[in-house]
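Engineer: Protein chains in written order, with the numbering used here: chain A, 1070 to 1353; chain B, 3 to 561.
Here it is, the structure in full.
Dropping the structure here:
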């Protein structure tokens, strides 16, 4: 009996030693060190923030995204995709932020199934059945950091010439292959809008309602369709420049405010879905 | 099976080993069970049922267990082709997610592979499977249990939890000690009284490589508990403490977590009373700090509200708010003495149940200037907060009149904070006030034939500023009939009618037919009908059940 009790206490002791003690964190809880923003490469990053106006935890994510974009001024391009259950309209909140393409992205990448807010950085890490590409807001900064460390193989230049009377803009895209390029690349165009004043649930408020929230970077349309168009049907040698031109007309039934709009051009690999380069320009 | 084993033994066993093989064979047992569920989905836009491209979805499970003397082993095969609606789609696929090998004797148990385990009431650790929720957080690793003397047991565990078809990011280590004082010192307490004390310690390790927050890689939780019981009285208490565990469910809050559970029961002849209290503060403990929904949970809080079975009352299930709630429950049962006016000659009893759950009264003390979310808060008091989550008052009277007739009358009053319980706090619906009256009559024609009928009526209002057109609001009535031809057949038909819905096009009937056939240990069930959408909760953990119209087939069997 005694031997066995000794054995027991030995077992307990070794179990306690084996399972290490916990790490109690003291203030400050958030890293204060300045981030390395001196990255000199020409790579830019698309931060997609999947969101919805009834998602009470989403405004904090919007702000964090804005903070990240500010830190790496001009190198991080934000696109807010309203999709999934939190983007569903109701009689009280009937304004529909959803787009057909946004819903397709959300379904395809499985984001709102996992929950909102969540996002993707350059859609990196996508593989069918896995969820490595879906990033909670706490992981955005780190992924942006590593994506920006890359040296870009493609440079994008983007120009928009807007005609007020026809509500049409001419979009000029130049794709400059700094290194050899493959044929598996598609060009995507996204239209986003800032400062759409409408309702947003915000759990940081009591009651958690903001009737006049400024919705930023909202995906409004995809001029080249959901998955864009193929840039070249053959591999492209280094040094090649391909120029493309498109006209986009704001449909008469849309309430888009041109001065608040941006055009985003992105190039993605059609096999991995990863975005290899992205650029943004004001529509007007 | 034994023949098969015999052939194997003969083939591989040499002469001298035959006697041994023979004894192994005699102590070998193979058992298991099988479950198959399939559902077809048709388009039904009135109830918001989606049309499913696959038309039919199914989930299947097969457990096979084998024991030879002191050794046990087993596997579970599962398929989700594709998962039935409401079950997380990340389960899609098939395979063997569960396999284990175990050695067991009086002194020690050793398990390697998968296992389920609970420490105390589950506050700091519970690994379990709840198939209807699509919840399986089985451990994969090793466990030992040591019993050095009568009344003392130590359990040690290490491993990862299952996360769909993979493993969770965190590594779990833990130990639990239970000491039965009354077994260890036999003459200490009066006869029939027992006193048990216990303690658990769990530590979770997860990489803390984050560029924004300083995160704890090792999060530990400790719990102590005691139980004292006599033949008429039982008291259970457990207190748990968890160090800072910023995670996705608490919005990366750095407060430590605490949990306290107290259960009192008193059960003299003809009477039973239970009183429960719990206060849970920041105790959503998971093996992956980024997990949400019901995946990779480590903590479990026993629910403090009654789980109602009557169909209409399942519109208001309660899901435990692990990040902050305080609740109390009382449950009383009184059996009327035989021969008394209400008692009659057969069983007759009344049960009364009351539950109330509130938020905790807290104040934010440190806010992250970037995310605007609280990093720390303080509980203003140990008492109830101002926000009511759930209130349930119900009474049920059951009486058997003679050998043939039994009746049940039940009244249930529920206050349901739909915003908190279904819409994550968004001011969408407001509080739902409901009253439900149920009458049930069971009639036995003969020992083989019987009929059970029910009428349920639900009165409901909600003080919403907004009326979201949904398939739940307003009054409901339900008729139910079940005919049993024992031992094999059960036929059921019921209709739920949402006649009081605020929107005319949503005043719908939900009619269902169901037939079940049982043969020995196998059961086949076929249903057709319209299923209303809502929440399904088991033990305070919930999942969404999407509205659906179609046929469902369920087969279960054990061997």
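For glycine and all other residues, C-beta sits at the position ideal for the given N, C-alpha and C.
1) Quick one: list the residues of chain A neighbouring residue 295 of chain B, beta-carbon separation under 9 Å, in chain order.
2) State the start and end residues of the unbroken beta strand (DSSP E) segment that holds residue 38 of chain B.
3) Name, please, each residue of chain B whose Cβ falls closer than 9 Å to the Cβ of residue 1098 of chain A.
4) At the level of alpha carbons, what is the spacing between residue 1227 of chain A and residue 1352 of chain A?
5) Using a Cβ cut-off of 9 Å, pull out every chain A residue sitting near residue 212 of chain B, in sequence order please.
6) At a CB-CB cut-off below 7 Å, which residues of chain B make contact with residue 1091 of chain A?
7) Determine, using beta carbons only, whether residue 89 of chain B and residue 534 of chain B come nearer to each other than 8 Å.
8) Strictly below 7 Å CB to CB, what residues from chain A border residue 292 of chain B?
9) Within 8 Å (strictly less), CB to CB, does residue 1156 of chain A reach chain B?
10) Any residues in the segment 71–102 of chain B with a beta carbon nearer than 9 Å to a beta carbon of chain A? Which ones, in chain order?
11) Mind checking if residue 1353 of chain A is an interface residue toward chain B, Cβ cutoff 8 Å exclusive?
12) In terms of alpha-carbon separation, which member of B:506, B:185, B:226 and B:137 lies closest to residue 471 of chain B?
13) Closer than 7 Å by C-beta to residue 1170 of chain A: which residues in its own chain qualify, once you throw out the five before and the five after it? Chain order, please.
14) CA-CA distance, residue 294 of chain B and residue 109 of chain B?
15) What residues are listed by DSSP as bridge partners for residue 275 of chain B?
16) Please state whether the Cβ-Cβ distance between residue 1059 of chain A and residue 1149 of chain A is less than 8 Å.
17) Would you decide whether residue 1174 of chain A is buried or exposed? Buried here means 16 or more other CB atoms lie within 10 Å of its CB.
18) Do you know how far the Cα of residue 515 of chain B is from the Cα of residue 567 of chain B?
19) Indicate the three-state DSSP secondary structure (helix, strand or coil) for residue 104 of chain B in the structure shown.
20) For residue 461 of chain B, list the residues DSSP reports as bridge partners.
21) Tell me the rounded alpha-carbon separation between residue 352 of chain B and residue 251 of chain B.
22) Going by DSSP in three states, residue 191 of chain B sits in which element: helix, strand or coil?
23) Measuring CB to CB, does residue 1230 of chain A end up less than 8 Å from residue 1333 of chain A?
24) Identify whether residue 349 of chain B lies in helix, strand or coil by the three-state DSSP scheme.
25) Just curious, the alpha helix (DSSP H) that residue 1209 of chain A is in, first and last residue?
26) Cα separation between residue 482 of chain B and residue 188 of chain B?
27) Would residue 1319 of chain A pass as an interface residue toward chain B - the criterion being a Cβ-Cβ separation below 8 Å?
28) May I ask you to list, following chain order, the residues of the segment 1129–1148 of chain A that have a beta carbon less than 9 Å from some beta carbon of chain B?
29) Please work out which residues of its chain come closer than 7 Å, Cβ to Cβ, to residue 93 of chain B, disregarding the five sequence neighbours upstream and downstream, and give them in chain order.
30) Classify residue 521 of chain B as buried or exposed, calling it buried when 16 or more other Cβ atoms lie within 10 Å of its own Cβ.
31) In angstroms, rounded to a whole number, what distance separates the CA positions of residue 350 of chain B and residue 441 of chain B?
32) Contact between the segment 25–34 of chain B and the segment 53–63 of chain B is defined here as three or more beta-carbon pairs at a separation below 8 Å; is this criterion met?
33) Does the distance from the CB of residue 549 of chain B to the CB of residue 473 of chain B come in under 8 Å?
34) With distance defined between alpha-carbon atoms, name the residue in A:1096, A:1112, A:1160 and A:1095 nearest to residue 1348 of chain A.
35) What does residue 1126 of chain A reach in chain B if we use C-beta pairs closer than 7 Å?
36) Does the distance from the C-beta atom of residue 452 of chain B to that of residue 490 of chain B stay below 8 Å?
Structural biologist: If we stick to the structure as given:
1) As a first step, residue 295 of chain B must be located in the second chain, where it is residue number 293. Per Cβ cutoff of 9 Å: 1183 and 1184.
2) In the second chain, the residue the question calls residue 38 of chain B occupies position 36. Here the beta strand (DSSP E) through residue 38 of chain B covers 30–42.
3) In the first chain, the residue the question calls residue 1098 of chain A occupies position 29. Those within 9 Å of residue 1098 of chain A in chain B are 215, 216, 217, 246, 248, 254, 256, 368, 370, 377 and 378.
4) As a working note, residue 1227 of chain A is residue 158 in the first chain. As a working note, residue 1352 of chain A is residue 283 in the first chain. Straight-line Cα distance between these residues: approximately 10 Å.
5) Taking the second chain and counting its residues from 1, the one referred to as residue 212 of chain B is at position 210. Near residue 212 of chain B (Cβ distances below 9 Å), the residues of chain A are 1100, 1207, 1208, 1210 and 1211.
6) Residue mapping note: residue 1091 of chain A aligns to position 22 of the first chain, counting from 1. Result: 205, 218, 220, 221, 222 and 245.
7) Numbered from 1 along the second chain, position 87 holds the residue referred to as residue 89 of chain B. Numbered from 1 along the second chain, position 532 holds the residue referred to as residue 534 of chain B. Not a contact, by the Cβ cut-off of 8 Å.
8) The residue given as residue 292 of chain B occupies position 290 in the second chain. Under the 7 Å cutoff, chain A gives 1205.
9) In the first chain, the residue the question calls residue 1156 of chain A occupies position 87. Not an interface residue.
10) 90, 91, 92, 94 and 95
11) Here residue 1353 of chain A refers to the residue found at position 284 when the first chain is read from its first residue. Chain B, which has no Cβ nearer than 8 Å to the Cβ of residue 1353 of chain A, makes this no.
12) Within the second chain, the letter at position 469 stands for residue 471 of chain B. When only C-alpha atoms are compared, the closest one is B:506.
13) As a position in the first chain, residue 1170 of chain A is number 101, starting the count at 1. Answer for residue 1170 of chain A: 1291 and 1295, listed in chain order.
14) Numbered from its first residue, the second chain carries residue 294 of chain B at position 292. Numbered from its first residue, the second chain carries residue 109 of chain B at position 107. Spanning the two alpha carbons is a distance of roughly 39 Å.
15) Taking the second chain and counting its residues from 1, one reaches residue 275 of chain B at position 273. DSSP, once it has assigned bridges, lists B:268 and B:334 as partnering residue 275 of chain B.
16) Residue 1059 of chain A lies beyond the range of chain A shown here (1070 to 1353); nothing can be said about it.
17) Within the first chain, residue 1174 of chain A is the residue found at index 105, counting from 1. Residue 1174 of chain A is buried by the Cβ-count criterion.
18) With chain B covering only 3 through 561, there is no way to say anything about residue 567 of chain B.
19) By 1-based counting over the second chain, the position of residue 104 of chain B is 102. Strand, per DSSP.
20) Here residue 461 of chain B corresponds to residue number 459 of the second chain, with the count starting at 1. According to DSSP, which records beta bridges pairwise, residue 461 of chain B is partnered with B:437.
21) For the purposes of this step, residue 352 of chain B is taken as residue 350 along the second chain, with counting starting at 1. For the purposes of this step, residue 251 of chain B is taken as residue 249 along the second chain, with counting starting at 1. Computed Cα separation, rounded: 40 Å.
22) The count along the second chain starts at 1 and reaches residue 191 of chain B at position 189. If DSSP states are grouped into helix, strand and coil, residue 191 of chain B belongs with coil.
23) Along the first chain, read from residue 1 onward, the residue named residue 1230 of chain A stands at position 161. Along the first chain, read from residue 1 onward, the residue named residue 1333 of chain A stands at position 264. No. Outside cutoff.
24) Translated into the one-based positions of the second chain, residue 349 of chain B becomes position 347. Note: residue 349 of chain B maps to coil in three-state DSSP.
25) Within the first chain, the letter at position 140 stands for residue 1209 of chain A. Unbroken alpha helix (DSSP H) run through residue 1209 of chain A: 1206–1217.
26) Counted from its first residue, the second chain places residue 482 of chain B at position 480. Counted from its first residue, the second chain places residue 188 of chain B at position 186. Distance between the alpha carbons of residue 482 of chain B and residue 188 of chain B is about 54 Å.
27) Within the first chain, the letter at position 250 stands for residue 1319 of chain A. No, residue 1319 of chain A does not count as interfacial toward chain B.
28) 1129, 1130, 1132, 1133 and 1136
29) On the second chain, residue 93 of chain B is found 91 positions in, with the first residue counted as 1. Cβ within range, chain order: 82, 85, 136 and 166.
30) Taking the second chain and counting its residues from 1, the one referred to as residue 521 of chain B is at position 519. Residue 521 of chain B comes out exposed.
31) Translated into the one-based positions of the second chain, residue 350 of chain B becomes position 348. Translated into the one-based positions of the second chain, residue 441 of chain B becomes position 439. So the alpha carbons of these two residues sit roughly 15 Å apart.
32) no
33) Within the second chain, residue 549 of chain B is the residue found at index 547, counting from 1. Within the second chain, residue 473 of chain B is the residue found at index 471, counting from 1. Closer than 8 Å, so yes.
34) The residue given as residue 1348 of chain A occupies position 279 in the first chain. Ranking the options by Cα distance to residue 1348 of chain A, first place goes to A:1112.
35) Counted from its first residue, the first chain places residue 1126 of chain A at position 57. Per Cβ cutoff of 7 Å: 253.
36) Within the second chain, numbered from 1, the residue matching residue 452 of chain B stands at position 450. Within the second chain, numbered from 1, the residue matching residue 490 of chain B stands at position 488. No, the pair does not count as a contact, with Cβ atoms beyond the cut-off.
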